[in-house]
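**Q**
Number of protein chains: 2
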Amino acid sequence: MSAPVEFHFDFSSPYAYFTSFRIDELAGRFGRTVAWRPYLMGAALKRSGRPIPLATEAPDSPEKTYLRHDCERTARLDKRAFAWPAVFPVNGLHAARLFYWQSDRSPQGAVELARAMFHAVFGEGRNIGDPNVALDVAVSRGFDRAEAASALADEAVKGRLRDATQAAIAQGIFGSPVIVIDGEQFWGNDRLWMVKRWLDWGGW
Amino acid sequence: MSAPVEFHFDFSSPYAYFTSFRIDELAGRFGRTVAWRPYLMGAALKRSGRPIPLATEAPDSPEKTYLRHDCERTARLDKRAFAWPAVFPVNGLHAARLFYWQSDRSPQGAVELARAMFHAVFGEGRNIGDPNVALDVAVSRGFDRAEAASALADEAVKGRLRDATQAAIAQGIFGSPVIVIDGEQFWGNDRLWMVKRWLDWGGW
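The listed protein sequences derive, respectively, from chains A and B. Take the first sequence: its letters are residues 0 to 203, numbered as in numbering that gives the first Met the number 0. Take the second sequence: its letters are residues 0 to 203, numbered as in numbering that gives the first Met the number 0.
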């Protein structure tokens, strides 16, 4: 049994949203499962001294104009619902904590919760950076609001996300999405063609 | 006759080097020619307040480590010679001026000169940011050194590059490579699959 393919991402990333629909099927074609690994990209960027992408540019900067256009074009191509969240970049902290809260109990349940978070933020444009919105999403997936709310404040849950973020940084990960196959990293939704080839050929 | 596909790039960009081998053949499959458009990406980034990619990070930053690895892996996949220039990011100014010097006389000769510049910088790792090295490359393509040297200092040639750079910025271009098909922009060598689809389908 080959090691799982790792899918590192920040919930604030629209490109990770697009990847989230495809990565399990893609890895599965080559007999691989996928380990979903949300982390806080901001911590990795802060460490390297880079700004959060597009956090500081003017609303009409060429970069933002391109990003908007490119994400909308990607959504049309992939036939996905797409809406910009009212707050962008959105804060992925609460969604990631809720993921790790669930991942110890039910890895598959955590992935389903992550899909629901991605749908809320980029399918419906909701601000999951607001903890109440993140809790609404959890409740919509059948979780108890009070339990989920206490998970958000739980030191052990916070520690799980901190550890995951530190582990990603220690691997040299700084973007979203980043796919890792047996230690080999691929940054960007637009590299899924290369991920596929690497899985198919076993590298080159 | 459809409009040419535009290939905007800075000679400092290794990803543009990879694109330079493929773009003419790719466009040609769909009955298109390619207009090569070197420009000074630094001017576009300066205008938007972004740093030159990887110009400020430490040599062992995760971003530089990833870039090095990714370019070398792309070179292996595409079966291209690849060597890092001694100075990186390298300055593409002189190469771009020599391109526009020739483009009025012989568009095809200018493209051949651009290919020779790309080969020098990323095939052989030479510092084409040094005007003497850029002139050596021009001489290797049969140009007269004294004529080429005077072109580098020629106000009309300088103006051609300034105008090309301003035109790229006015189009909203800020990266390298950027492919433009009938006004639609695609940023990155890893988007050639999408360029191909856009040419094939005429958009979506």
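Think of the CB as a built atom: it goes at the ideal place given N, C-alpha and C, for glycine as much as any other residue.
Start and end of the alpha helix (DSSP H) containing F20 (chain B)?
**A** Looking at the DSSP string, the run of the alpha helix (DSSP H) that includes F20 (chain B) is 13 to 27.
**Q** Here's a check: name, in chain order, each residue in its chain whose Cβ is nearer than 8 Å to the Cβ of D103 (chain A), leaving out the five neighbours to either side.
**A** Closer than 8 Å at Cβ, skipping near neighbours: R159.
**Q** For E5 (chain B), report the span of its beta strand (DSSP E) as first-last.
**A** 4 to 8 is the span of the beta strand (DSSP E), which, as asked, contains E5 (chain B).
**Q** Would S47 (chain B) pass as an interface residue toward chain A - the criterion being a Cβ-Cβ separation below 8 Å?
**A** Judged by the 8 Å Cβ criterion, S47 (chain B) is in contact with chain A.
**Q** Could you spell out the range, first to last residue, of the beta strand (DSSP E) harbouring R36 (chain B)?
**A** Its beta strand (DSSP E) spans residues 33 to 37.
**Q** Would you say the beta carbon of R21 (chain B) is closer than 7 Å to some non-hydrogen atom of the ligand NAD?
**A** You won't find the ligand NAD in this model; it holds no ligand whatsoever.
**Q** Across which residues does DSSP place F231 (chain B) in a beta bridge pair?
**A** Nothing in the structure corresponds to residue 231 (chain B), since chain B is present only between 0 and 203.
**Q** Check distances from the C-beta atoms of the region 52 to 79 of chain B to those of chain A and list, in chain order, the residues that come in under 7 Å.
**A** Here the close residues are E56, S60, P61, E62, T64, Y65, R75, L76.
**Q** What is the DSSP secondary structure of G91 (chain B), reduced to helix, strand or coil?
**A** It is coil, neither helix nor strand.
**Q** Taking only the alpha-carbon atoms, compute the straight-line gap between W35 (chain B) and A167 (chain B) and give it to the nearest angstrom.
**A** Approximately 12 Å between the Cα atoms of the pair.
**Q** Since L198 (chain B) contacts R31 (chain B) with CB under 8 Å, what's their CB separation in whole angstroms?
**A** Correct: roughly 7 Å between the Cβ atoms.
**Q** Pairs of beta-carbons, one from the region 5 to 25 of chain A and one from the region 168 to 178 of chain A, closer than 8 Å: are there three or more?
**A** They touch, by the three-pair rule.
**Q** Evaluate R125 (chain A) with the Cβ neighbour count: other Cβ atoms within 10 Å of its Cβ, from every protein chain shown; 16 or more gives buried, anything less gives exposed.
**A** By the neighbour-count rule (16 or more Cβ atoms within 10 Å), R125 (chain A) is buried.
**Q** Considering only the alpha carbon of each residue, which of B:D162, B:A152, B:A113, B:E183 lies closest to V136 (chain B)?
**A** Of the listed residues, the one whose Cα sits closest to V136 (chain B) is B:A113.
**Q** Mind checking if W35 (chain A) is an interface residue toward chain B, Cβ cutoff 8 Å exclusive?
**A** Not an interface residue.
**Q** For the alpha helix (DSSP H) containing F121 (chain B), name the first residue and the last one.
**A** Note, F121 (chain B): premise wrong, no alpha helix (DSSP H); not H, not E.
**Q** Would you mind sorting G91 (chain A) into buried or exposed? The rule is 16 or more other CB atoms within 10 Å of its CB.
**A** Buried.
**Q** If you compare alpha carbons, which of A:P61, A:R79, A:N131 is closest to A43 (chain B)?
**A** When only C-alpha atoms are compared, the closest one is A:P61.
**Q** So G182 (chain A) contacts chain B; which residues on that side make the cut at Cβ distance below 7 Å?
**A** The contacting residues do not exist; G182 (chain A) stays about 11 Å from chain B at best.
**Q** To which residues of the same chain is V110 (chain B) closer than 6 Å at the C-beta, ignoring the five residues directly before and after it?
**A** Correct list, in chain order: W35.
**Q** Report yes or no: is there a C-beta of chain B within less than 8 Å of the C-beta of R28 (chain A)?
**A** False, the Cβ-Cβ gap to chain B never drops below 8 Å.
**Q** What residue ranges within the region 99 to 159 of chain A form continuous alpha helix (DSSP H) runs of no fewer than 4 residues, ordered along the chain?
**A** Whole alpha helix (DSSP H) segments, 4+ residues: 106 to 117, 130 to 139, 144 to 151.
**Q** Tell me whether the beta-carbon of Y206 (chain A) lies closer than 8 Å to the beta-carbon of A163 (chain A).
**A** Since the first residue shown for chain A is 0 and the last is 203, residue 206 (chain A) is missing from the structure and cannot be characterised.
**Q** Which of the three DSSP states is assigned to K78 (chain A) in this structure?
**A** In this structure, K78 (chain A) counts as coil in the three-state DSSP scheme.
**Q** Roughly how many angstroms separate the alpha carbons of T64 (chain B) and L151 (chain A), rounded to a whole number?
**A** Roughly 35 Å between the two C-alpha positions.
**Q** Taking the straight line between their C-alpha atoms, what separation do you get for L76 (chain B) and M193 (chain A)?
**A** If I take the Cα positions, the gap works out to 10 Å.
**Q** For I172 (chain B), which of helix, strand or coil comes out of DSSP?
**A** Correct three-state label for I172 (chain B): coil.
**Q** Grab the span of the alpha helix (DSSP H) containing A43 (chain A) for me, first residue to last.
**A** From DSSP, the alpha helix (DSSP H) with A43 (chain A) extends over 40 to 47.
**Q** DSSP three-state label for D59 (chain B), please.
**A** In this structure, D59 (chain B) counts as coil in the three-state DSSP scheme.
**Q** Give a yes or no on whether the minimum CB-CB distance between D199 (chain B) and chain A is below 8 Å.
**A** No, its Cβ sits nowhere closer than 8 Å to a Cβ of chain A.
**Q** Tell me whether A167 (chain B) sits in a helix, a strand or coil according to DSSP, three-state version.
**A** Three-state result, A167 (chain B): helix.
**Q** Alpha carbon to alpha carbon, how far is R96 (chain B) from H118 (chain A)? Give it in angstroms, no decimals.
**A** Roughly 48 Å between the two C-alpha positions.
**Q** Quick one, which of B:F20, B:A85, B:A26, B:A148 has its alpha-carbon nearest E123 (chain B)'s?
**A** Among B:F20, B:A85, B:A26, B:A148, the Cα nearest to that of E123 (chain B) is on B:A85.
**Q** At 7 Å on the CB atoms, spell out the chain A contacts of G41 (chain B), in chain order.
**A** Those within 7 Å of G41 (chain B) in chain A number zero; the least Cβ separation is about 14 Å.
**Q** Sorted by chain position, which residues of the same chain lie with C-beta nearer than 7 Å to D181 (chain B)'s C-beta, five sequence neighbours on each side aside?
**A** Cβ neighbours of D181 (chain B) beyond the five flanking positions: A2.
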